[in-house]
């Protein structure tokens, strides 16, 4: 499928199917969140931001850097298994703020989950990859033709696979897609039920430890994004809008802390939290570029459009889908001004 040509968009300062509720994703919402969420509270103000997180990817840098301290509002963290589960929480008005990969943002838009993207961190290296095993004959995405490939629909793994296939001149119709929950991807691959699996680079040890013949195929480098989102209802409330703005600035500052403190980060995040091998984790972490959250950019929207076109092509998004609905241009302009005033603009 050919990508649409880039579209020009004007920004004053900077550019600014998960409809069903999934109970497992909502189980952690409301109440007190994680056991240590009260320690992340900034002083018990009248406003509480209910934050959707994944593996404490937001909470831990905030805590270690001290950026969670001194707020005029409280923080209530709730961890989710993936973006689709968080989208369900947004749809049910259970959270005000969240973090996910770029593909689930498209599905949030399509499901009218009442959420907009507010900031992004771009990584020029692949955070996802594709694994095959010796004897499969798979060396590049082009070799996936006719093969059984495991991934999780609606996650960034799905969008990543479609783009890799597209660059190889293939579509999803050229493979046998095997949709399984993210928690079952490794076991599905190791069992021999599939020929290849789309996986996350930082968890590569989980595959190679169980299948010594597993290897990463040669994929096309793609820009990928971590996305911060806010509920539209939160941005419509002046007090919460101010809290969301302040919180994004704190997340942006905290996002630079891991690279400045690699030893502590690897131990606290990869080893203690994710239970990963320290040597493998260090190698992976050192390969990552330094990143920092920024307001929404034109490059992000163009990347989203490329993914959307492919997902429309496999009937996962409606043909009337509009990527521009993912952003609140007025808020993006305000946020860009705040970033510039805080010296956080790249």
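Numbering (mature numbering (1 follows the signal peptide of the UniProt record, and there is no 0)), first residue to last: -27 to -1, 1 to 319. We treat Cβ as the ideally placed atom computed from N, Cα and C, and that holds for glycine. These numbers come from a predicted model, not from an experiment.
Compute the beta-carbon to beta-carbon distance between residue i and residue j, rounded to the nearest angstrom, for a pair I have assumed lies under 8 Å.
i	j	result
residue 66	residue 227	Between residue 227 and residue 66 the Cβ distance is about 26 Å, and since that is not below 8 Å, they are no contact.
residue 27	residue 49	Going by Cβ atoms, the distance from residue 27 to residue 49 rounds to 15 Å, so no, they are not a contact pair.
residue 99	residue 125	With a Cβ gap of about 17 Å, residue 99 and residue 125 do not count as contacting.
residue 204	residue 88	5 Å
residue 25	residue 74	The Cβ separation is near 13 Å, so there is no contact.
residue 134	residue 171	5 Å
residue 119	residue 77	Between residue 77 and residue 119 the Cβ distance is about 29 Å, and since that is not below 8 Å, they are no contact.
residue 317	residue 222	7 Å
Could you tell me the alpha carbon to alpha carbon distance between residue i and residue j, rounded to whole angstroms?
i	j	result
residue 141	residue 115	5 Å
residue 169	residue 150	10 Å
residue 45	residue 201	20 Å
residue 95	residue 238	20 Å
residue 298	residue 211	21 Å
residue 178	residue 276	29 Å
residue 41	residue 104	38 Å
residue 263	residue 225	12 Å
residue 129	residue 302	24 Å
residue 20	residue 189	46 Å
residue 47	residue 30	18 Å
residue 300	residue 241	34 Å
residue 285	residue 193	22 Å
residue 220	residue 308	11 Å
residue 60	residue 209	19 Å
residue 82	residue 175	28 Å
residue 207	residue 294	24 Å
residue 54	residue 258	22 Å
residue 198	residue 137	16 Å
residue 154	residue 267	31 Å
residue -27	residue 121	Bear in mind that a pLDDT of 39 at residue -27, under 50, signals an unreliable position, so the number given afterwards is only what the model happens to contain. Using only the alpha carbons, I get a separation of about 21 Å.
residue 195	residue 283	15 Å
residue 289	residue 132	11 Å
residue 56	residue 185	30 Å
residue 291	residue 62	22 Å
residue 250	residue 107	24 Å
residue 139	residue 111	16 Å
residue 260	residue 43	33 Å
residue 270	residue 143	29 Å
residue 165	residue 232	37 Å
residue 14	residue 214	Since pLDDT at residue 14 reaches only 38, below the 50 mark, its modelled position is unreliable, and the value read off the structure follows with that caveat. Rounded to the nearest angstrom, the two C-alpha atoms are 18 Å apart.
residue 58	residue 315	33 Å
residue 256	residue 180	16 Å
residue 234	residue 35	13 Å
Which residue or residues does DSSP assign as beta-bridge partners of residue i?
i	result
residue 39	DSSP output for residue 39 lists no bridge partner at all.
residue 72	201
residue 52	26
residue 92	201
residue 104	170 and 189
residue 300	90
residue 140	Per DSSP, none; premise fails for residue 140.
residue 21	47
residue 123	151 and 170
Given a cut-off of 7 Å, decide if residue j and residue i are closer than it, judged by their beta-carbon atoms.
i	j	result
residue 183	residue 163	yes
residue 281	residue 79	yes
residue 102	residue 191	no
residue 117	residue 148	yes
residue 218	residue 311	yes
residue 93	residue 304	no
residue 306	residue 265	no
residue 187	residue 161	no
residue 216	residue 22	yes
residue 145	residue 287	yes
residue 109	residue 86	no
Got a sec: is the Cβ-Cβ distance from residue i to anything in chain D below 7 Å?
i	result
residue 232	Although the question refers to chain D, the structure presented lacks it and comprises just one protein chain.
For this session: Please specify which runs of the alpha helix (DSSP H), each continuous and at least 4 residues long, are wholly inside the stretch 205 to 282, giving them in chain order.
Result: Listed in chain order, the alpha helix (DSSP H) elements of length 4 or more contained wholly in the stretch 205 to 282 are 205 to 209, 211 to 227, 230 to 233, 235 to 238 and 251 to 260.
Exercise. Unbroken alpha helix (DSSP H) runs of length 4 or more, entirely within the stretch 145 to 192: which are they?
Worked result: 158 to 163 and 177 to 181
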